[in-house]
Amino acid sequence: MKEENVIEVNQLTKTFGDFTAVNAISFEVKKGEIFGFLGANGAGKTTAMKMLIGISKPSSGTAKVAGFDVYSQTESIKRNIGYMSQKFALYDDLTVKENITFFGGIYGLSRKKIKEKREELVSELGLENISNKLVGSLPLGWKQKLSFSVSLLHEPKIVFLDEPTGGVDPITRRQFWEMIYKAANQGTTIFVTTHYMDEAEYCDKVSIMVEGKIEALDTPKKLKEQFRVDSMNDVFLKLARIPSPTLPKGNGENIDRN
Amino acid sequence: MSISLSNISKSYKKVKAVQDISFDVNPGELFGLIGPDGAGKTTIFRILTTLLIADEGRATIAGFDVVKDYKAIRNSVGYMPGRFSLYQDLTVEENLTFFATIFGTTIEENYDLIEDIYVQIEPFKNRRAGKLSGGMKQKLALSCALIHKPKVLFLDEPTTGVDPVSRKEFWEMLKRLQKKGITILVSTPYMDEAALCDRIALIQGGEILEIDTPDAIVSEFPKTIYNVGADNMYKLIQSLQQYEHVYSVFPFGEFVHYTDKRDSFEMADLQSYLEKEGLADISIETAKPNIEDAFMELAR
Chain G
1 MKEENVIEVN QLTKTFGDFT AVNAISFEVK KGEIFGFLGA NGAGKTTAMK MLIGISKPSS
61 GTAKVAGFDV YSQTESIKRN IGYMSQKFAL YDDLTVKENI TFFGGIYGLS RKKIKEKREE
121 LVSELGLENI SNKLVGSLPL GWKQKLSFSV SLLHEPKIVF LDEPTGGVDP ITRRQFWEMI
181 YKAANQGTTI FVTTHYMDEA EYCDKVSIMV EGKIEALDTP KKLKEQFRVD SMNDVFLKLA
241 RIPSPTLPKG NGENIDRN
Chain S
1 MSISLSNISK SYKKVKAVQD ISFDVNPGEL FGLIGPDGAG KTTIFRILTT LLIADEGRAT
61 IAGFDVVKDY KAIRNSVGYM PGRFSLYQDL TVEENLTFFA TIFGTTIEEN YDLIEDIYVQ
121 IEPFKNRRAG KLSGGMKQKL ALSCALIHKP KVLFLDEPTT GVDPVSRKEF WEMLKRLQKK
181 GITILVSTPY MDEAALCDRI ALIQGGEILE IDTPDAIVSE FPKTIYNVGA DNMYKLIQSL
241 QQYEHVYSVF PFGEFVHYTD KRDSFEMADL QSYLEKEGLA DISIETAKPN IEDAFMELAR
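Structure follows, in structure tokens:
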């Protein structure tokens, strides 16, 4: 089942002026795989991700996401992927139910389907008692679990998660990963970035970007063997050394979270 | 200089942000507030830096009361808030000069304190702060918080969203500042950073769960932890959760941390149960607890 490639990237490059943010990266992600996309701040992860989700045109190279071309079929890509940003993107002033209904509508689901999904999701997350509460009043961990579920509403082939667990408490962080495992087990491909290196160990395959290039790409186990260390944290520290002060020379806005 | 809080509580309308918080930070100590978003860490920082008045309780810094003596406190503490709050439209150097001037000093006068941090951003001193990368902003914010030679430094989540390499460098900087005699109170949601503090307070939902040295907190962990591994992580977690003797199951990197309800745990029993569940490549061995295990046990 895990044979089909749902992401194929070949020599993908993005330049801003004379700065190369993403430098000829190549990789494949298979159906149902959890792919960890790691790198230091400013290494080019967000820029690469923006090209894959069809909101930034590559400078050169090729990539197919869910079978669609990142140059010419960006609308089809958007319909076939889910995306959850590190910044909470549901509406604080809508209730849990209203948010689900709203995003279901955006994704073009039928009313019947939305109702079905809404009930399924509320019961799965155990939100029955608070489904009519404003989302803004929920604790961060619940918001993140809800965001993830909403990104899966339209049953996308791939879901992109950009630092989904930043600041979340350790128990909720693990519940979140159980949700990721479950989705992957059902065949959804997971593309995830994180700064928690224990989470890197949960991935089937991991790539580490350093200054726009992919410097390592393998299973966590093989990477640890290759670098002769015990943890992904040590792999990361060995590889992603930041050379003397470097600044983003591109537009800069994609590097900071504030 | 020391920090002391006794029975501090603060609510925002109906929400209790912090409840009955008491702890002391000794002079020269590196003390960590460890907890997730919403734990109440920022509220504590704002009360200690005299920016917010507590509903109940008392807090002092070097004996000065945070309400009565706020002016004395503001002169001698440095505060780096969680949100970047320097002037985006001023350059690196202008920001630093601005903060130095406000405190009646100059960059030159205190350069030795900030040198090893500032030297890394000095090549870009004419760049506007808004155009810096996350790591650079963090270094500038720390330089600005240090420019008046504070005796106490408050750092609210300085490493959130920062990659592991930059986080490591940041903690090395903190250790050097501590050697210069500065008392440091730092908060973080990253449990692995707890081990780098002299003492820590674990905090969740506005309440302190435990205060001690990282080693003591870990050694008081009441259960034996087993590292369990198998070929299918998702199935392993599910099977362990359904095991009749299960106490807790938490994924930890490539293994699962498992604790058992019984006093006499039999590895062979669990092994055969997991085999029956259809798992392969099963490994079970005892593991050392860490701060995150302790936090999750206390937060149960």
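These protein sequence lines are chains G and S, in that order.
Per full-length UniProt numbering, residue 1 is the first one in the first sequence, and the count goes up by one each step.
Per full-length UniProt numbering, residue 1 is the first one in the second sequence, and the count goes up by one each step.
Positions of the beta carbon are idealized from the N, C-alpha and C atoms, including for glycine.
- At a cut-off of 7 Å, the C-beta of A48/G has no neighbouring C-beta in chain S.
- Taking the Cα of R167/S as reference, the smallest distance to any Cα among A24/G, L237/G, N80/G and G32/G is reached at L237/G.
- The alpha-carbon separation between Y12/S and L202/S amounts to approximately 22 Å.
- Taking 9 Å as the Cβ-Cβ cut-off, the segment 33–55 of chain S approaches chain G at G35, P36, D37, G38 and A39, given in chain order.
- Here DSSP, grouped into helix, strand and coil, assigns T43/S to helix.
- Distance from the CA of K14/G to the CA of A48/G, rounded to the nearest whole angstrom, comes to 8 Å.
- By the rule that beta-carbons nearer than 7 Å mark a contact, D93/G does not touch chain S.
- Under the Cβ distance rule, W177/G counts among the residues neighbouring chain S, one pair being separated by less than 7 Å.
- The beta strand (DSSP E) runs of length 3 or more contained entirely in the segment 181–211 of chain S are, from start to end of the chain, 183–188 and 199–204.
- Taking a 10 Å sphere around the C-beta of G278/S, we find fewer than 16 other C-beta atoms and assign the residue as exposed.
- Residues of the segment 101–132 of chain G that bring their beta carbon within less than 8 Å of a beta carbon in chain S are absent altogether.
- Chain-order list of chain S residues neighbouring V168/G: P36, D37 and P189, by C-beta distance under 9 Å.
- Under the three-state reduction of DSSP, Y91/G is assigned to coil, being neither helix nor strand.
- DSSP places A141/S within a helical segment (H, G or I) once states are collapsed to three.
- Taking 7 Å as the threshold, the shortest C-beta distance from F99/S to chain G does not fall below it.
- When 7 Å is used as the limit between beta carbons, D198/G is near these residues of chain S: F252 and G253, in chain order.
- What I237/S touches in chain G, judged by beta-carbon distance under 8 Å, is E178 and Y181, going in chain order.
- Neighbours of F236/G across chain S, judged by C-beta separation under 9 Å: D163, P164 and V165.
- One alpha carbon belongs to R111/G, the other to Q11/G, and they sit about 42 Å apart.
- Residues of chain G with a Cβ closer than 7 Å to the Cβ of G135/S are, in chain order, N41.
- Listed along chain G, no residue sits closer than 9 Å to E210/S by beta-carbon distance, the nearest being about 14 Å off.
- In the structure shown, Y70/S adopts helical secondary structure according to DSSP, grouped into three states.
- Within the same chain, and ignoring the five residues on either side of S151/G in sequence, the residues whose Cβ sits closer than 7 Å to its Cβ are G82, Y83, M84 and V159.
- What E201/G touches in chain S, judged by beta-carbon distance under 7 Å, is G253 and E254, going in chain order.
- Burial of E292/S is indicated by the presence of at least 16 other C-beta atoms within 10 angstroms of its C-beta.
- Within the segment 167–181 of chain S, the residues whose Cβ lies closer than 9 Å to some Cβ of chain G are R167, K168 and E169, listed in chain order.
- If you keep only unbroken alpha helix (DSSP H) runs of at least 4 residues inside the segment 153–183 of chain S, you get 164–179.
- As the crow flies, the alpha-carbon of A268/S is around 36 Å from that of L217/G.
- Below the 9 Å Cβ cutoff, chain G contributes D169 as neighbours of Q204/S, in chain order.
- Inter-residue distance for V256/S and M191/S is about 17 Å (C-alpha atoms, whole angstroms).
- For E292/S, at least one C-beta of chain G is nearer than 7 Å to its own C-beta.
- Excluding the 5 residues flanking it on each side, G40/S has same chain C-beta neighbours closer than 7 Å at A17, V18, I203 and G206, in chain order.
- With respect to the C-alpha of R58/S, the residue from S76/S, I21/S and P81/S having the closest C-alpha is I21/S.
- Beta-bridge annotation (DSSP): P251/S is paired with V256/S.
- Proximity to R262/S across V246/S, Q271/S, L52/S and Q238/S peaks at V246/S, based on C-alpha coordinates.
- T43/S is positioned such that its CB atom lies no closer than 7 Å to that of K14/S.
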